[in-house]
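Enquirer: Protein chains in written order, with my numbering: chain A, 15 to 263; chain B, 15 to 263; chain C, 15 to 263. Don't be surprised by glycine CBs; every beta carbon is placed ideally from N, CA and C. Okay, handing you the structure first.
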Amino acid sequence: MSISPLAKVSDKASFGSNVTIGDFTVVHDNVILGDNVVVESHCVLGYPTPLSEGTPLVIGDGARIRSHSVFYEGSIFGPGLVTGHRVTVREKFKAGKNLQIGTLCDFQGHAEVGDYVRTHSNVHIGHKTVIGNCVWIFPFTVFTNDPHPPSDGHMKGVVVEDYAAIATMCCLMPGVRVGTRSLVGAHSLVTKDVEPDSVVGGVPAKKLCMASDIQLKDGSGPAYPWMRHFHRGYPKDLIDVWITEYGNR
Amino acid sequence: MSISPLAKVSDKASFGSNVTIGDFTVVHDNVILGDNVVVESHCVLGYPTPLSEGTPLVIGDGARIRSHSVFYEGSIFGPGLVTGHRVTVREKFKAGKNLQIGTLCDFQGHAEVGDYVRTHSNVHIGHKTVIGNCVWIFPFTVFTNDPHPPSDGHMKGVVVEDYAAIATMCCLMPGVRVGTRSLVGAHSLVTKDVEPDSVVGGVPAKKLCMASDIQLKDGSGPAYPWMRHFHRGYPKDLIDVWITEYGNR
Amino acid sequence: MSISPLAKVSDKASFGSNVTIGDFTVVHDNVILGDNVVVESHCVLGYPTPLSEGTPLVIGDGARIRSHSVFYEGSIFGPGLVTGHRVTVREKFKAGKNLQIGTLCDFQGHAEVGDYVRTHSNVHIGHKTVIGNCVWIFPFTVFTNDPHPPSDGHMKGVVVEDYAAIATMCCLMPGVRVGTRSLVGAHSLVTKDVEPDSVVGGVPAKKLCMASDIQLKDGSGPAYPWMRHFHRGYPKDLIDVWITEYGNR
Chain A
15 MSISPLAKVS DKASFGSNVT IGDFTVVHDN VILGDNVVVE SHCVLGYPTP LSEGTPLVIG
75 DGARIRSHSV FYEGSIFGPG LVTGHRVTVR EKFKAGKNLQ IGTLCDFQGH AEVGDYVRTH
135 SNVHIGHKTV IGNCVWIFPF TVFTNDPHPP SDGHMKGVVV EDYAAIATMC CLMPGVRVGT
195 RSLVGAHSLV TKDVEPDSVV GGVPAKKLCM ASDIQLKDGS GPAYPWMRHF HRGYPKDLID
255 VWITEYGNR
Chain B
15 MSISPLAKVS DKASFGSNVT IGDFTVVHDN VILGDNVVVE SHCVLGYPTP LSEGTPLVIG
75 DGARIRSHSV FYEGSIFGPG LVTGHRVTVR EKFKAGKNLQ IGTLCDFQGH AEVGDYVRTH
135 SNVHIGHKTV IGNCVWIFPF TVFTNDPHPP SDGHMKGVVV EDYAAIATMC CLMPGVRVGT
195 RSLVGAHSLV TKDVEPDSVV GGVPAKKLCM ASDIQLKDGS GPAYPWMRHF HRGYPKDLID
255 VWITEYGNR
Chain C
15 MSISPLAKVS DKASFGSNVT IGDFTVVHDN VILGDNVVVE SHCVLGYPTP LSEGTPLVIG
75 DGARIRSHSV FYEGSIFGPG LVTGHRVTVR EKFKAGKNLQ IGTLCDFQGH AEVGDYVRTH
135 SNVHIGHKTV IGNCVWIFPF TVFTNDPHPP SDGHMKGVVV EDYAAIATMC CLMPGVRVGT
195 RSLVGAHSLV TKDVEPDSVV GGVPAKKLCM ASDIQLKDGS GPAYPWMRHF HRGYPKDLID
255 VWITEYGNR
């Protein structure tokens with residue numbers, strides 16, 4: 015256990031073994047941290063809100079939360095969470111294992127992501143978004159939820175299926191479904207569902223081709239599904255499945 | 015009065031009754047806070063700048079400023095201000111009552127907003143922007159001001175009239191006027207004036223229809239003007255006017 | 015020397031004369047600050063990472079780093095650096111003199127910029143980006159690097175030549191080259207090279223005209239190259255060259 019004398023940590027917070035809390039960080043009452051969690055400097059954990067309905071912030075084993083981040087009470091993260099700096103996650107957010115959140119991401123809560131999801135910097139996830147497993151989301155992409163803003167009781171979240179990749183600066187309209195293994199091109203406005211294994215792009219986004227039509231520049235074959243050639247950071251059992259399915263490059 | 019012993023607060027700052035200052039927050043000299051203001055942790059208030067010309071930061075009664083926010087001296091806010099986390103507001107910004115500012119918003123100062131304005135996350139307001147009353151601005155929208163960047167002395171601010179709604183990830187070009195009760199669709203580049211009560215969208219934005227043509231999904235009638243069906247957070251006297259004008263759904 | 019008693023500063027960091035360190039700031043071991051450097055409150059300097067390969071964070075004379083910023087070890091900045099608030103710069107970033115970085119910028123490291131570069135708020139610079147001298151980059155612009163995300167070993171950085179200006183909310187695709195003295199219009203997706211002295215815009219961006227075709231609104235002649243009329247903040251020797259080349263307005 016290594017708690018900075020410059021941090022302010024509630025006695026009521028519950029810590030696993032070998033937790034580290036950085037300088038000038040505030041940990042509120044309603045927080046449960048697993049083993050080997052590192053919380054860096056200038057963070058706020060377990061920010062109180064009545065919207066949590068009393069549920070705690072739960073961070074699984076082995077997490078690293080980088081500086082200046084704010085996590086509300088009432089959200090739950092599987093093991094292996096890693097964040098960039100200045101991340102915000104509000105209440106009622108639920109994440110599987112090994113989520114990576116980029117610097118400046120803003121997750122509004124009341125949303126759900128699966129295992130091994132990676133969001134790059136400055137991704138905004140609105141209420142009711144549902145993201146599957148092994149999804150990639152690139153910088154400045156926004157998941158909206160209100161079909162006629164402002165409104166009440168009409169919210170529809172975006173759904174992203176497993177293995178999809180959504181490139182930089184996309185805006186996804188309320189209720190669209192992004193199909194498995196698809197690619198949304200950069201700077202797109204997605205106004206309707208994206209078929210599995212397809213590529214869309216533009217404002218509004220249109221189907222451009224099948225994902226398997228895109229070739230790696232080195233001549234080694236299709237760039238998608240990306241699991242064919244990109245294995246960094248995934249566990250061996252998952253990679254073994256991918257190699258069986260797509261071969262070993 | 016509740017001032018954290020971990021905060022650093024100038025003796026010269028002026029506080030109303032029942033003010034709360036959070037941990038690790040810095041309050042500089044030239045600050046005037048009203049009654050019942052809450053400033054959370056890790057903030058900087060009254061950041062000194064010669065561009066303020068000596069004028070103070072004035073925050074009206076009942077404000078809540080969330081963590082990691084920075085407010086410069088020389089700006090003034092009516093009562094009821096509420097902010098998200100990591101908000102920046104520079105000097106010479108003037109706001110009416112009940113402004114809500116989302117997480118990560120970046121207001122450059124030398125701009126003005128009316129009463130009951132709501133900006134969602136990560137909105138960027140450039141110098142010379144003028145925003146009316148009861149306006150909605152959604153995430154990642156930017157108000158520009160320089161018609162041929164970089165230049166000096168050619169700046170023209172965007173003007174947004176009362177009750178307009180500007181959706182996610184829009185870019186508004188210098189000097190455009192967004193008419194009252196209009197809707198700017200998501201991911202639009204607004205290069206010319208938007209007519210009152212109209213809907214525009216695209217890059218560049220074109221007129222798509224009248225706002226009243228858009229129907230609520232539940233079959234209960236037009237989605238705009240939004241005051242027909244959306245009342246959350248507004249005062250009774252304003253809602254009563256809306257009900258008289260649009261009926262009570 | 016003025017080090018806040020509320021800061022946490024490593025004995026191993028090396029400071030020039032007249033350095034100022036603000037409240038609640040953390041300075042790690044592997045940091046070298048020049049003369050007259052001001053680091054404001056709530057910052058983290060020299061954030062440790064093995065990716066720095068042991069190289070220090072070096073900040074040249076006269077820098078001002080505004081509050082809540084994070085600089086990793088392993089990057090180097092010439093004299094005269096000025097930043098906004100909440101800037102992030104990761105390892106292996108190399109900058110010339112007089113760089114100005116706007117609030118909320120997120121520089122991923124492994125990139126290089128020349129002298130007198132100005133980035134406005136919320137600019138995201140990916141690995142392998144190379145930016146020349148006297149370049150302007152406006153808010154929410156993103157420099158990407160992965161032609162088929164996610165991939166490994168296929169990264170290609172964007173190249174921006176001297177005196178180019180890239181307007182608000184642009185997305186630059188991997189490997190594109192933005193030619194000298196060109197202008198990229200707001201909200202553009204740049205998918206191919208931009209010719210020197212040209213103007214492009216749109217999604218995807220197309221050539222619109224030559225930069226010299228754009229006239230200042232006051233009738234005083236072409237708006238580009240901007241060095242004709244915009245001199246604020248540049249040194250006299252550079253301005254003298256510009257006046258010789260373009261005349262003195």
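Quick one: grab the DSSP three-state call for residue 158(C).
Expert: Three-state result, residue 158(C): coil.
Enquirer: Find the residues of chain B that neighbour residue 200(C), judging by a C-beta separation of less than 8 Å, and give them in chain order.
Expert: Under the 8 Å cutoff, chain B gives 158, 185, 187, 203.
Enquirer: Taking the DSSP output, what are the residues bridged to residue 45(C)?
Expert: Answer by DSSP bridge pairing, in chain order: 71(C).
Enquirer: When the distance is taken between beta carbons, is residue 118(A) closer than 8 Å to residue 5(B)?
Expert: It is not possible to answer for residue 5(B), since the shown part of chain B is limited to 15 through 263.
Enquirer: From the DSSP output, in three-state form, read off residue 259(A) for me.
Expert: Here residue 259(A) sits in helix by DSSP.
Enquirer: Of the residues 243(A), 158(A), 249(A), which one's Cα is nearest the Cα of residue 183(A)?
Expert: The candidate whose alpha carbon is nearest that of residue 183(A) is 158(A).
Enquirer: Assign residue 254(B) to buried or exposed, taking buried as 16 or more other Cβ atoms, counted over all protein chains shown, within 10 Å of its Cβ.
Expert: Residue 254(B) should be labelled exposed.
Enquirer: Would you mind sorting residue 229(B) into buried or exposed? The rule is 16 or more other CB atoms within 10 Å of its CB.
Expert: So residue 229(B) counts as exposed.
Enquirer: Looking only at its chain, what residues have a beta carbon closer than 8 Å to the beta carbon of residue 200(B), apart from the 5 residues adjacent to it on each side?
Expert: Closer than 8 Å at Cβ, skipping near neighbours: 152, 181, 182, 183, 184, 215.
Enquirer: Tell me which residues share the same chain as residue 245(A) and place their Cβ nearer than 6 Å to its Cβ, disregarding the 5 neighbours each side in the sequence.
Expert: So the list reads 253, once near-sequence residues are dropped.
Enquirer: Measure how close the beta-carbons of residue 53(B) and residue 69(B) come, nearest whole angstrom, since I'm counting them as under 8 Å.
Expert: Wrong, their Cβ atoms sit about 19 Å apart, outside the cutoff.
Enquirer: Enumerate, from N- to C-terminal direction, the unbroken beta strand (DSSP E) stretches of 3 or more residues contained entirely within the segment 184-243 of chain C.
Expert: Segments of the beta strand (DSSP E) lying fully in the segment 184-243 of chain C: 212-215, 220-224.
Enquirer: Could you list which residues in chain A have their beta carbon closer than 8 Å to that of residue 168(C), in chain order?
Expert: The answer, in chain order, is 230, 231, 232.
Enquirer: Under 9 Å between beta-carbons, which chain B residues line up against residue 100(A)? List them in chain order, please.
Expert: Within chain B, the residues near residue 100(A) are 82, 99, 100, 118.
Enquirer: Note down, in chain order, all residues in the segment 18-49 of chain C with a beta-carbon under 7 Å from any beta-carbon belonging to chain A.
Expert: Correct list: 22, 38, 40.
Enquirer: Cutting at 6 Å between CB atoms, please list the residues of its own chain near residue 269(B), excluding the five before and the five after it.
Expert: The structure shown has nothing for residue 269(B), since chain B only spans 15 to 263.
Enquirer: State buried or exposed for residue 160(A), treating a residue as buried only when at least 16 other CB atoms are found within 10 Å of its CB.
Expert: Flag for residue 160(A) reads buried.
Enquirer: Taking CB distances under 8 Å as the criterion, tell me whether residue 150(C) reaches chain B.
Expert: Yes, contact with chain B.
Enquirer: My understanding is that residue 100(B) touches residue 100(A), with C-beta atoms under 8 Å, so please give their C-beta distance in whole angstroms.
Expert: Going by Cβ atoms, the distance from residue 100(B) to residue 100(A) rounds to 6 Å, so yes, they are a contact pair.
Enquirer: Based on Cα-Cα distance, which residue from 28(A), 237(A), 61(A) lies nearest to residue 164(C)?
Expert: Of the listed residues, the one whose Cα sits closest to residue 164(C) is 237(A).
Enquirer: Between the Cα of residue 43(B) and those of 167(B), 194(B), 86(B), spot the shortest distance and give me the residue it belongs to.
Expert: Residue 86(B) is the option with its Cα nearest to residue 43(B).
Enquirer: Starting from residue 126(A), trace the beta strand (DSSP E) both ways and give me its first and last residue.
Expert: It spans 125-127 - the beta strand (DSSP E) in which residue 126(A) sits, taken as one unbroken run.
Enquirer: Tell me, to the nearest whole angstrom, how far the beta carbon of residue 219(B) is from that of residue 203(B); I am working on the premise that it is less than 8 Å.
Expert: Going by Cβ atoms, the distance from residue 219(B) to residue 203(B) rounds to 6 Å, so yes, they are a contact pair.
Enquirer: Whole angstroms is fine: what's the gap from residue 36(A)'s alpha carbon to residue 55(A)'s?
Expert: Whole-angstrom Cα-Cα distance: 4 Å.
Enquirer: For the beta strand (DSSP E) that contains residue 111(C), what are its first and last residues?
Expert: Counting along the chain, residue 111(C) falls outside any beta strand (DSSP E), and DSSP gives it neither H nor E.
Enquirer: Identify, in the order they occur along the chain, each residue of the same chain with its Cβ nearer than 6 Å to the Cβ of residue 88(A), setting aside the five sequence neighbours on each side.
Expert: 66, 69, 105, 106, listed in sequence order.
Enquirer: Could you check whether residue 59(C) and residue 91(C) sit closer than 8 Å to each other, using their CB atoms as the reference points?
Expert: Taking 8 Å as the Cβ cut-off, residue 91(C) and residue 59(C) do not qualify as a contacting pair.
Enquirer: In three-state terms, what does DSSP make of residue 16(B)?
Expert: Strand, per DSSP.
Enquirer: Looking only at DSSP bridge pairs, what is residue 58(B) linked to?
Expert: Residue 58(B) pairs with 40(B), 84(B).
Enquirer: When DSSP labels each residue in this structure, what does residue 166(B) get in the three-state scheme?
Expert: Coil, per DSSP.
Enquirer: Nearest to residue 80(B) by CA position, among 57(B), 135(B), 45(B), is which residue?
Expert: Comparing Cα-Cα distances from residue 80(B) to each of 57(B), 135(B), 45(B), the minimum goes to 57(B).
Enquirer: List, in chain order, every chain A residue whose beta-carbon is nearer than 8 Å to that of residue 55(B).
Expert: Residues of chain A passing the Cβ test: 40, 58.
Enquirer: Residue 217(A) touches chain F at which residues, Cβ-Cβ below 7 Å?
Expert: Annotation note: the requested chain F is absent from the structure, which comprises protein chains A, B and C.
Enquirer: Leaving out the 5 sequence neighbours to the left and right, which residues in its chain are closer than 8 Å to residue 94(B) when beta-carbon positions are compared?
Expert: Answer for residue 94(B): 74, 75, 76, 77, 111, 112, 113, listed in chain order.
Enquirer: Can you pull the chain C neighbours of residue 165(B), defined as C-beta to C-beta under 8 Å?
Expert: Correct list: 230, 237, 240, 243, 244.
Enquirer: In the structure shown, what three-state DSSP assignment does residue 22(B) receive?
Expert: Three-state DSSP puts residue 22(B) in a strand.
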